[in-house]
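In this text, residue positions in the sequence shown follow the numbering used here: the first is 3, and each later residue adds one.
Just below is one structure, and these are the notes that go with it.
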Amino acid sequence: MSIATKTVTADEADLRLDRWFRRHFPSATQGVIQKLCRTGQIRVDGKRVETGTRLTPGMNVRVPPLPSSTPAVAVKPAPVFDPLLEAEMSRLVLYKDDHVIVLNKPFGLPSQGGPGITKHLDGMLDGLRYGSEHRPRLVHRLDKDTTGVLVVARTPGVAAKLAASFRGRDVEKTYWCVVVGRPVPVEGRIDVNLVRIDGFRGERAALAGPYDTDTARAITDFRTLDHAGRKLAWLEMKPLTGRTHQLRVSCAAVGAPILGDEPYGKEVEGRNTALVDGLGDKLHLHARTIAFPHPAGGTLIVEAELPAHMLVTFRDLGFTAPIASAPLRR
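Rendered as structure tokens:
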């Protein structure tokens, strides 16, 4: 192979150089790419670069001859079209265009796989190809029992752009939840430090103690939208940071655990404070709205209807939830 120059396309915006390189030359290992960058053989617009350099459309990448000893990588077979999977996934779609798909994730479906998990959203994304050569990609995730808006990128380039938006906190998320108790004050900001721990049922978080290290600050704005006496309340929550189980720990920290959130409820006189008789035991946490910069420009705002178990609870408590509006692009 002789020296060649390839131009970065619009769909490849914000990709790391090493990922861009492996996409075009899948036989090149990470070690080979690092060496070629370190010795200046790979260049972008004539300049030396590192493997983590982010690319923009129109950049020219100098591609040197690759080592002949680089092992070949087997080509993956094309996915088999599954009409049943496409039908199942299409029922979750709230919004779709050539760049993104926004889903209403159901209760009990994990976003990604893990020990003992055989069915998860990430493993079902072939059902959202709609004839595209690219497999859709998750750009963020929700807990298994959290419902609501979840964004999927339709191409690798879009995934890179959206990942940058999520990292830069350009995404505004709004959650609804029903909590046991009534926070005082009824609106404000919860600002706590969290630590991650290994829980009985997987990944967990907890309030950091005075001697804990490797803590993460979690900031959440909230307001009470309605309440049933002092026993239960409907909260709107806007996380300003993105920590594991941030909303669940934050609600418990102010003495109002999310209804059905047994792992974060406290045992008082033999009863879990997150469980209320007659209201079911499912987690009442819903990603209601997401607003994010659309890869093609402007802002996309999408809302998701409440899941069935929360609709029943709202009816029983007399809470009136507005119907989700159509997705808005501005």
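Backbone N, C-alpha and C define an ideal beta-carbon position, used for all residues, glycine too.
Keep in mind the model is a prediction, meaning the values are calculated, not measured.
Exercise. If you count every other CB in all the chains shown that lies within 10 Å of the CB of Ile-192, and 16 or more means buried, which is it?
Worked result: That one is buried.
Exercise. Touching or not, the segment 126-144 and the segment 156-164, by the rule of three or more beta carbon pairs under 8 Å?
Worked result: Result yes; three or more Cβ-Cβ pairs closer than 8 Å.
For this session: Compare the C-alpha of Leu-38 against each of Ile-5, Tyr-177, Asp-145 and name the closest.
Result: Ile-5
Exercise. Using the beta-carbon count (16 or more within 10 Å), is Val-154 buried or exposed?
Worked result: buried
Exercise. Whose CA, out of Val-180, Gly-244, Val-197, lies closest to the CA of Lys-233?
Worked result: Val-180
For this session: Using only alpha-carbon positions, find the residue among Arg-169, Pro-295, Thr-301 that is nearest to Gly-243.
Result: The question names Gly, but residue 243 is Thr in the sequence shown. Minimum Cα distance to Thr-243 is reached at Arg-169.
Exercise. What's the gap between the Cα of Thr-11 and the Cα of Met-61?
Worked result: 8 Å
For this session: May I ask you to list the residues that DSSP assigns as paired with Lys-98?
Result: Ile-103
Exercise. With a CB to CB cut of under 7 Å and the five nearest residues on each side skipped, what residues in its chain are close to Pro-324?
Worked result: Within the same chain, Pro-324 has no close Cβ partners at all.
Exercise. What's the gap between the Cα of His-311 and the Cα of Ala-210?
Worked result: 32 Å
Problem set entry | Straight-line gap, Arg-332 to Leu-105 (C-alpha atoms, nearest Å) | 19 Å
For this session: From the DSSP output, in three-state form, read off Lys-163 for me.
Result: helix
Problem set entry | Nearest-angstrom beta carbon gap, Leu-277 and Glu-264 [assumed within contact, 8 Å] | 6 Å
Exercise. Can you name the start and end residues of the alpha helix (DSSP H) that Glu-90 belongs to?
Worked result: 85-92
For this session: Tell me whether the beta-carbon of Leu-249 lies closer than 8 Å to the beta-carbon of Thr-222.
Result: yes
Exercise. Taking all protein chains shown into account, do 16 or more other C-beta atoms lie within 10 angstroms of the C-beta of His-337, making it buried, or fewer, making it exposed?
Worked result: Here the chain covers residues 3 to 332 and nothing more, so residue 337 does not appear.
For this session: Check each candidate in Val-102, His-122, Gly-183, Ser-327 and name the one with the smallest Cα separation from Ser-87.
Result: Per the sequence shown, residue 87 should be read as Leu rather than Ser. Of the residues Val-102, His-122, Gly-183, Ser-327, the one whose Cα lies closest to the Cα of Leu-87 is His-122.
For this session: Determine the contact status of Thr-226 and Pro-185, defining contact as a CB-CB distance below 8 Å.
Result: With a cutoff of 8 Å on beta-carbon distance, Thr-226 and Pro-185 are scored as near each other.
For this session: Give the DSSP-derived three-state secondary structure of Phe-316 in the structure shown.
Result: helix
Exercise. Which same chain residues, not among the five before or five after Ala-166, have their C-beta less than 7 Å away from its C-beta?
Worked result: Asp-16
Problem set entry | Length of the line joining the Cα atoms of Arg-290 and Thr-58 | 33 Å
Exercise. For the alpha helix (DSSP H) that contains Leu-38, what are its first and last residues?
Worked result: Its alpha helix (DSSP H) spans residues 32-40.
Exercise. Which runs of the beta strand (DSSP E) spanning at least 3 residues fall entirely within the segment 123-160, listed in chain order?
Worked result: 149-155
For this session: In angstroms with no decimal places, state the Cα-to-Cα distance between Val-182 and Asp-20.
Result: 48 Å
Exercise. Between which two residues does the alpha helix (DSSP H) containing Asp-20 stretch?
Worked result: 19-26
Exercise. Over what stretch of residues does the alpha helix (DSSP H) that includes Val-304 continue unbroken?
Worked result: Val-304 -> not in any alpha helix (DSSP H); beta strand (DSSP E) instead, spanning 301-305.
Exercise. From Arg-18 to Leu-152, what does the alpha carbon distance come to, in whole angstroms?
Worked result: 24 Å
For this session: Have a look at Leu-140 and Gly-42 and give me their C-alpha separation to the nearest angstrom.
Result: 34 Å
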